[in-house]
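Okay, structure first, notes after.
2 protein chains.
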Amino acid sequence: MSELAMWRDGATRRTIVDFVRSVTSGPDAVPAEERIAVFDNDGTLWTEKPMQTQLHYIIEQWTALAKEHPELAEQQPFKAVVEGDLSWLGAAVDKHYAGDDSDLKVLIGALLRTMTGLSVEDYAASVTEFYRTAQHLTLHRPYRDVIYQPMVELLDYLAENGFTCYIVSGGDRDFMRPITQEYYGIPFERVIGTAIGLEYADGDVRYGTTLDFFDDGPEKPVRIWTRIGRRPLIAAGNSNGDIEMLSFVQGGPHGLSLLVHHDDDTGRGDTPYDKGAEKALATSEESGFTVVSVKDDWSAVFPPESA
Amino acid sequence: MSELAMWRDGATRRTIVDFVRSVTSGPDAVPAEERIAVFDNDGTLWTEKPMQTQLHYIIEQWTALAKEHPELAEQQPFKAVVEGDLSWLGAAVDKHYAGDDSDLKVLIGALLRTMTGLSVEDYAASVTEFYRTAQHLTLHRPYRDVIYQPMVELLDYLAENGFTCYIVSGGDRDFMRPITQEYYGIPFERVIGTAIGLEYADGDVRYGTTLDFFDDGPEKPVRIWTRIGRRPLIAAGNSNGDIEMLSFVQGGPHGLSLLVHHDDDTGRGDTPYDKGAEKALATSEESGFTVVSVKDDWSAVFPPESA
Numbered sequence: 112m113s114e115l116a117m118w119r120d121g122a123t124r125r126t127i128v129d130f131v132r133s134v135t136s137g138p139d140a141v142p143a144e145e146r147i148a149v150f151d152n153d154g155t156l157w158t159e160k161p162m163q164t165q166l167h168y169i170i171e172q173w174t175a176l177a178k179e180h181p182e183l184a185e186q187q188p189f190k191a192v193v194e195g196d197l198s199w200l201g202a203a204v205d206k207h208y209a210g211d212d213s214d215l216k217v218l219i220g221a222l223l224r225t226m227t228g229l230s231v232e233d234y235a236a237s238v239t240e241f242y243r244t245a246q247h248l249t250l251h252r253p254y255r256d257v258i259y260q261p262m263v264e265l266l267d268y269l270a271e272n273g274f275t276c277y278i279v280s281g282g283d284r285d286f287m288r289p290i291t292q293e294y295y296g297i298p299f300e301r302v303i304g305t306a307i308g309l310e311y312a313d314g315d316v317r318y319g320t321t322l323d324f325f326d327d328g329p330e331k332p333v334r335i336w337t338r339i340g341r342r343p344l345i346a347a348g349n350s351n352g353d354i355e356m357l358s359f360v361q362g363g364p365h366g367l368s369l370l371v372h373h374d375d376d377t378g379r380g381d382t383p384y385d386k387g388a389e390k391a392l393a394t395s396e397e398s399g400f401t402v403v404s405v406k407d408d409w410s411a412v413f414p415p416e417s418a
Numbered sequence: 112m113s114e115l116a117m118w119r120d121g122a123t124r125r126t127i128v129d130f131v132r133s134v135t136s137g138p139d140a141v142p143a144e145e146r147i148a149v150f151d152n153d154g155t156l157w158t159e160k161p162m163q164t165q166l167h168y169i170i171e172q173w174t175a176l177a178k179e180h181p182e183l184a185e186q187q188p189f190k191a192v193v194e195g196d197l198s199w200l201g202a203a204v205d206k207h208y209a210g211d212d213s214d215l216k217v218l219i220g221a222l223l224r225t226m227t228g229l230s231v232e233d234y235a236a237s238v239t240e241f242y243r244t245a246q247h248l249t250l251h252r253p254y255r256d257v258i259y260q261p262m263v264e265l266l267d268y269l270a271e272n273g274f275t276c277y278i279v280s281g282g283d284r285d286f287m288r289p290i291t292q293e294y295y296g297i298p299f300e301r302v303i304g305t306a307i308g309l310e311y312a313d314g315d316v317r318y319g320t321t322l323d324f325f326d327d328g329p330e331k332p333v334r335i336w337t338r339i340g341r342r343p344l345i346a347a348g349n350s351n352g353d354i355e356m357l358s359f360v361q362g363g364p365h366g367l368s369l370l371v372h373h374d375d376d377t378g379r380g381d382t383p384y385d386k387g388a389e390k391a392l393a394t395s396e397e398s399g400f401t402v403v404s405v406k407d408d409w410s411a412v413f414p415p416e417s418a
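Residue numbers (this note's numbering), protein chains in the order written: chain H, 112 to 418; chain Y, 112 to 418.
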């Protein structure tokens with residue numbers, strides 16, 4: 112049985128191991144069907160810097176679209192993409208985490224433009240092809256090699272202890288599904304994420320014209336209930352958008368909430384940052400979150416590069 | 112291994128057995144993770160006559176509410192409940208299946224009135240208590256004893272053949288979850304149904320003020336994709352509201368869609384009816400649906416009464 116070998120001995124590792132032991136044996140043991148764990152994806156299970164993987168994919172889609180429709184190059188976000196000024200995109204996401212969704216709405220409108228009418232199977236094929244060939248923009252390795260190995264080890268450790276693990280991400284659900292089984296051991300039906308409205312017609316399910324919901328902040332516990340029908344025992348996140356999910360779990364009769372802190376300045380490939388996590392970090396102590404220090408608690412970050 | 116003992120030998124039973132054999136072995140075999148089956152609930156897994164179980168529960172809630180607020184007795188649906196004229200409720204559902212949602216909207220508004228602000232855990236407790244004591248209105252036995260035994264046998268048979276079975280119902284998701292494991296062997300996370308919008312605040316998930324979606328007709332394939340991310344191999348339904356789900360499944364590379372036809376006039380406890388299923392039945396042949404005759408294909412309907 113995996114024993115969290117990539118987690119350095121210390122308070123964090125002991126907290127995890129003790130909690131798992133307490134809910135799997137002894138007086139506080141809970142039945143296996145109640146052992147639910149939920150994990151954010153971007154910044155928790157893999158790197159989200161310099162931008163979320165989904166943005167990389169979307170930029171490729173928008174570049175192609177702007178080539179077909181040159182008039183689009185006059186407006187955001189196509190302008191940013193065509194001019195190679197990707198800072199506009201990152202700033203839109205940062206503004207969201209600071210409470211201003213105006214540019215995020217522009218982003219979502221452009222996202223819908225590329226997806227409306229597409230069948231879910233065709234989108235899955237397009238995403239699968241992207242993952243097959245895309246390289247991380249600064250690390251220049253496949254996306255399967257920028258996952259956080261200690262977190263994958265934690266997923267395995269929990270599964271071995273009878274937990275059922277779900278992803279609960281602000282990222283598009285159907286952008287994750289093609290790779291979650293292979294990268295994380297998590298099947299389609301346990302991927303919860305942002306959802307574009309779907310429509311059924313003539314035998315196919317296709318993306319519609321509106322966003323169904325953005326799975327972030329208070330939406331995360333809502334979607335956890337919708338999909339799972341239970342309050343999880345364990346949650347892991349890394350940003351302000353995870354606070355409500357972490358609090359929901361921490362507030363249960365048995366709850367362990369992990370907040371991954373990107374404090375690693377040792378050059379192991381990932382960037383240190385607090386941006387977008389300031390509030391989660393500042394309130395972690397009073398909230399009872401267990402802060403995971405990438406620098407101190409993990410003995411490795413990324414896997415050795417695959418072939 | 113269960114061999115569908117309560118299904119009489121004939122074309123329907125052979126179609127099911129042959130299909131299951133073809134997707135579990137031989138050249139058309141599909142991996143276990145793709146063996147998904149979806150089942151409507153009311154009228155497919157248990158009786159929906161004289162009214163859906165959920166209506167019985169809601170009537171009890173509305174009766175209590177109208178006692179607290181006598182002015183409600185002047186308006187529908189409280190008027191119908193207080194006056195004991197339940198035909199208005201049945202007619203509202205019938206009108207929906209005939210394409211007129213006006214009274215259904217009144218029903219949903221009243222439903223929301225009893226649920227807004229309630230925590231999901233409190234509602235689950237209330238529903239659990241209802242099932243513990245309620246008796247079916249005409250058969251006078253607990254609801255666990257008005258499930259269709261041949262269909263439960265089919266669920267078991269599919270599970271033994273590596274299928275993962277889901278409920279996909281027009282009924283309220285959280286009204287089903289408390290009993291699906293015990294009655295059908297289907298856990299919370301595999302119950303898909305109509306959803307009242309949820310809100311998260313102060314550590315709890317509560318019902319909000321709007322309906323999120325009514326899981327019927329074209330919404331069924333949409334919600335199947337949302338939750339499962341695959342096109343199922345097998346679907347079972349019994350009404351016009353199941354046509355799209357059955358067509359979605361029948362349209363896949365391997366698909367078997369079952370339409371339960373309530374044609375049993377032999378007095379085995381359940382009522383024969385075509386109402387609400389006229390279109391599904393009329394188009395079943397061209398759609399390729401396999402019609403399950405309750406009268407001819409099932410050797411039993413309900414289980415022997417439990418203690």
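From the three backbone atoms N, C-alpha and C, an ideal C-beta is built for every residue, glycine too.
Here the structure is a predicted model, which is why all the values come from computation and not from measurement.
* Three-state secondary structure assigned by DSSP to Leu250(H) -> Leu250(H) falls in the coil class under three-state DSSP.
* Would you mind reading off the limits of the beta strand (DSSP E) that contains Tyr268(H)? => Tyr268(H) -> not in any beta strand (DSSP E); alpha helix (DSSP H) instead, spanning 260–271.
* To do: Taking only beta carbons into account, state which residues of the region 391–408 of chain Y come closer than 7 Å to chain H, listed in chain order.
  => Residues of the region 391–408 of chain Y that bring their beta carbon within less than 7 Å of a beta carbon in chain H are absent altogether.
* To do: List the residues of chain Y whose Cβ lies closer than 7 Å to the Cβ of Gly362(H), in chain order.
  => Ordered by position in chain Y, the residues that pass the 7 Å Cβ test against Gly362(H) are Gly314.
* C-beta atoms of Gly319(H) and Gly308(H) nearer than 9 Å -> Taking C-beta atoms as the reference points, Gly319(H) and Gly308(H) count as a pair closer than 9 Å.
* **As assigned by DSSP and simplified to three states, the class of Ser410(Y)** => In this structure, DSSP gives Ser410(Y) a state outside helix and strand, which the three-state scheme calls coil.
* Closest Cα partner of Tyr208(Y) within the set Gly228(Y), Gly352(Y), Phe299(Y), Pro188(Y) -> The residue with the shortest Cα to Cα distance from Tyr208(Y) is Gly352(Y).
* Can you tell me the Cα-Cα spacing of Met112(Y) and Ile170(Y), whole angstroms? -> Any reading at Met112(Y) is ruled out, since the residue's pLDDT is 45, under 50, leaving its predicted position unreliable.
* To do: May I ask you to report which of helix, strand or coil DSSP gives Phe274(Y)?
  => DSSP places Phe274(Y) in the coil class of the three-state scheme, outside both helix and strand.
* With Leu250(H) and Val257(H) assumed to form a contact (beta carbons below 8 Å), what rounded beta-carbon distance in angstroms separates them? -> Going by Cβ atoms, the distance from Leu250(H) to Val257(H) rounds to 6 Å, so yes, they are a contact pair.
* Going by other Cβ atoms of all chains shown within 10 Å of its Cβ, with 16 needed for buried, is Ala346(H) buried or exposed? -> Burial call: buried.
* To do: Classify Arg338(H) as helix, strand or coil using the three-state DSSP reduction.
  => Note: Arg338(H) maps to helix in three-state DSSP.
* Which residues in the same chain have their Cβ closer than 6 Å to the Cβ of Glu330(H), if we skip the five residues on either side of it in sequence? -> Only residues of its own chain outside the window of five on either side were considered, and among them Phe324 have a CB closer than 6 Å to the CB of Glu330(H), listed in chain order.
* Residue of Ile290(H), Thr321(H), Ser404(H), Ile278(H) minimising C-alpha distance to Arg301(H) -> It is Ile278(H).
* If Arg284(Y) and Ala306(Y) are in contact, beta carbons under 8 Å, what's the gap, nearest whole angstrom? -> About 6 Å; that satisfies the 8 Å criterion.
* Within 10 angstroms of the Cβ of Asp381(H), are there 16 or more other Cβ atoms? Answer buried if so, exposed if not. => It counts as buried.
* For Thr174(H), collect the residues of the same chain with a Cβ closer than 6 Å to its Cβ; drop the 5 residues on either side in sequence, then sort them by chain order. => Closer than 6 Å at the Cβ level, and outside the excluded window around Thr174(H), lie Val192.
* **Nearest to Arg379(H) (by Cα), restricted to the options Gly273(H), Phe150(H), Val412(H), Glu396(H)** => Taking Arg379(H) as reference, the option from Gly273(H), Phe150(H), Val412(H), Glu396(H) with the minimal CA-CA separation is Val412(H).
* **Test: Phe465(H) CB closer than 9 Å to a CB of chain Y** => In the structure as shown, chain H begins at 112 and stops at 418. Residue 465(H) is therefore absent and cannot be evaluated.
* Identify which residue in Val149(Y), Ala388(Y), Gln163(Y) has its Cα closest to the Cα of Met262(Y). => Residue Val149(Y) is the option with its Cα nearest to Met262(Y).
* Excluding the 5 residues preceding and the 5 following Gln187(H) in the sequence, name in chain order all residues of the same chain whose CB lies nearer than 7 Å to its CB. => Result list for Gln187(H): Trp199, Val217, in chain order.
* **As assigned by DSSP and simplified to three states, the class of Ser398(H)** => It is helical.
* To do: For Glu310(Y), decide whether its Cβ has a neighbour in chain H, counting only Cβ atoms nearer than 9 Å.
  => Interface residue, yes.
* Under three-state DSSP, which class holds Ser368(H)? -> Strand.
* Take Arg341(H) and list the residues in its own chain whose beta-carbon comes closer than 7 Å to its own, dropping the five residues that flank it on each side. => For Arg341(H), where only same-chain residues beyond five positions count, the Cβ hits under 7 Å are Glu145, Ile147.
* To do: Flag this pair as yes or no: are the beta carbons of Gly348(Y) and Thr123(Y) separated by less than 9 Å?
  => For the pair Gly348(Y) and Thr123(Y), the CB atoms are not nearer than the 9 Å cut-off.
* Within 9 Å (strictly less), CB to CB, does Glu179(H) reach chain Y? -> At a cut-off of 9 Å between C-beta atoms, Glu179(H) does not count as an interface residue with respect to chain Y.
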